[in-house]
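Trainee: Following my numbering from start to finish, the sequence shown increments by one per residue and tops out at 313. Got a structure for you, written out below as structure tokens; questions coming shortly.
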Amino acid sequence: MAILIGKHSRIVVQGITGREAAMIVEHTINYGTEILAGVTPGKKGQSVYSVPVYDTVKEAVKKHQVNTSLIVVPPPFVFDAVLEAIHNGIKILVITTENVPQLDVIKMLAVAKKQGVYIIGPNTAGVVNPGDQIKLGSIGGDYPERSFVPGNVGVISRSGGMANETSWMIKRAGYGVSMTIGIGGDSLIGTNIKDLLHLFEHDEDTKAIVTFSEPGTSFEEDAAEFIKNGGVTKPIISYVAGHFTESMPEGTVFGHAGTMISGDFGRPSIKMQKLKEAGVYVLENYDDMIDVLQQVLGSSEMIDLQQ
Numbered sequence: 007m008a009i010l011i012g013k014h015s016r017i018v019v020q021g022i023t024g025r026e027a028a029m030i031v032e033h034t035i036n037y038g039t040e041i042l043a044g045v046t047p048g049k050k051g052q053s054v055y056s057v058p059v060y061d062t063v064k065e066a067v068k069k070h071q072v073n074t075s076l077i078v079v080p081p082p083f084v085f086d087a088v089l090e091a092i093h094n095g096i097k098i099l100v101i102t103t104e105n106v107p108q109l110d111v112i113k114m115l116a117v118a119k120k121q122g123v124y125i126i127g128p129n130t131a132g133v134v135n136p137g138d139q140i141k142l143g144s145i146g147g148d149y150p151e152r153s154f155v156p157g158n159v160g161v162i163s164r165s166g167g168m169a170n171e172t173s174w175m176i177k178r179a180g181y182g183v184s185m186t187i188g189i190g191g192d193s194l195i196g197t198n199i200k201d202l203l204h205l206f207e208h209d210e211d212t213k214a215i216v217t218f219s220e221p222g223t224s225f226e227e228d229a230a231e232f233i234k235n236g237g238v239t240k241p242i243i244s245y246v247a248g249h250f251t252e253s254m255p256e257g258t259v260f261g262h263a264g265t266m267i268s269g270d271f272g273r274p275s276i277k278m279q280k281l282k283e284a285g286v287y288v289l290e291n292y293d294d295m296i297d298v299l300q301q302v303l304g305s306s307e308m309i310d311l312q313q
């Protein structure tokens with residue numbers, strides 16, 4: 007079983023002829039993921055690394071029965087791309103684009119919720135399922151095997167780069183990942199930590215969950231409440247980055263759009279406290295992840311990295 011993406015995924019890339027999208031497509035195909043179609047209005051008949059390009063999602067659905075879309079289009083066009091995908095029955099959308107207008111995000115998330123569509127992002131590095139060798143987005147770059155090996159640990163990360171590093175730490179500990187998901191660094195995103203904890207809880211291939219968090223938003227606090235109320239029974243290990251931000255002036259934005267502290271809202275110390283109260287293994291130091299994973303999972307879930 008795989009959450010969100012797996013062997014059932016039939017993938018289309020919206021905006022496929024753009025430079026960034028073409029690079030992602032090359033890395034994705036080299037990893038072993040099949041991309042059935044691409045869409046760029048006015049580019050029908052072209053191909054990108056042998057992937058046929060169509061003018062509309064409707065054509066791609068008709069020709070290839072696609073059900074999953076990677077959206078790599080400029081910010082002003084993301085809203086229309088999302089609506090086009092949803093109106094043509096696509097249920098999983100991964101949006102890598104940064105700086106999408108917030109009003110557009112609010113509107114597209116409302117439509118997605120009404121239609122039962124999962125959106126990862128915007129501003130996400132992507133998602134990878136190493137067991138099925140499927141990745142969507144820039145996650146893992148051109149060498150995803152460095153960090154991602156099949157296993158039983160689910161990873162949720164607010165940072166794209168740290169999604170890679172966290173999966174690599176899991177590999178160093180002797181385990182692999184069932185799925186790694188970069189949820190995106192913005193304050194307004196589709197699928198959040200709590201949503202993914204719910205999915206991982208019902209995934210038979212996931213035995214433990216690791217989260218990498220940052221200052222800002224209430225994602226961790228909401229997740230802690232969900233865990234505390236019995237929403238997750240599997241062990242969860244969490245690291246919250248950015249302790250230094252609590253000594254900085256209120257309202258300072260640190261890199262990601264969602265990384266902002268105001269009063270007690272978004273403080274790493276508060277997030278850590280809430281997660282601890284919910285029974286989560288909260289790491290004081292990132293490197294402690296290896297020891298805690300081995301303590302929690304033991305030797306039964308370890309993998310043979312020589313295979």
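Ideal placement from N, C-alpha and C gives every residue a C-beta, glycine not left out.
1. Does the ligand FAD have even one heavy atom less than 7 Å from the beta-carbon of Ala169?
2. Find the nearest neighbour of Glu325 within the set Ser53, Val133 and Ile199, judged by alpha-carbon distance.
3. Note down the Cα distance separating Pro107 from Pro81, rounded to an integer number of angstroms.
4. Where DSSP assigns a beta bridge to Ser5, which residues make up the other side?
5. Can you name, in chain order, every residue of its own chain whose Cβ lies under 6 Å from the Cβ of Ile233, other than the five neighbours on each side?
6. Do Gly122 and Lys97 have their C-beta atoms within less than 8 Å of each other?
7. Thr74 to Met175, Cα distance in whole Å?
8. DSSP puts Leu76 in a beta bridge; with which residues?
9. Could you tell me which whole beta strand (DSSP E) segments of length 3 or greater appear in the segment 83-131?
10. What do you reckon, are the CB atoms on Pro221 and Gly248 nearer than 8 Å?
11. Candidates Tyr37, Glu26 and Ile22: which alpha carbon is nearest Val57's?
12. Can you tell which of Gly272, Leu205 and Val159 has the C-alpha that lies nearest to the C-alpha of Gly304?
13. Can you grab the Cα-Cα spacing for the pair Lys120 / Lys113, in whole Å?
Mentor: The relevant details are as follows:
1. Among the components of this structure there are no ligands whatsoever, and the ligand FAD is therefore not found.
2. Summary: the structure shown does not reach residue 325, with the chain confined to residues 7 through 313, and so no result is reported for it.
3. So the two alpha carbons sit approximately 7 Å from each other.
4. Summary: the structure shown does not reach residue 5, with the chain confined to residues 7 through 313, and so no result is reported for it.
5. These residues qualify, in order along the chain: Ala284.
6. The Cβ atoms of Gly122 and Lys97 lie closer than 8 Å to each other.
7. Going by the C-alpha atoms only, they are around 29 Å apart.
8. Looking at the DSSP output, Leu76 sits in a beta bridge with Val19 and Val100.
9. List check, beta strand (DSSP E) in window: 98-101 and 124-126.
10. Yes, these two residues count as a Cβ contact at 8 Å.
11. The shortest C-alpha separation from Val57 is found at Ile22.
12. Answer by Cα proximity: Val159.
13. When rounded, the separation of the alpha-carbon atoms in Lys120 and Lys113 is 11 Å.
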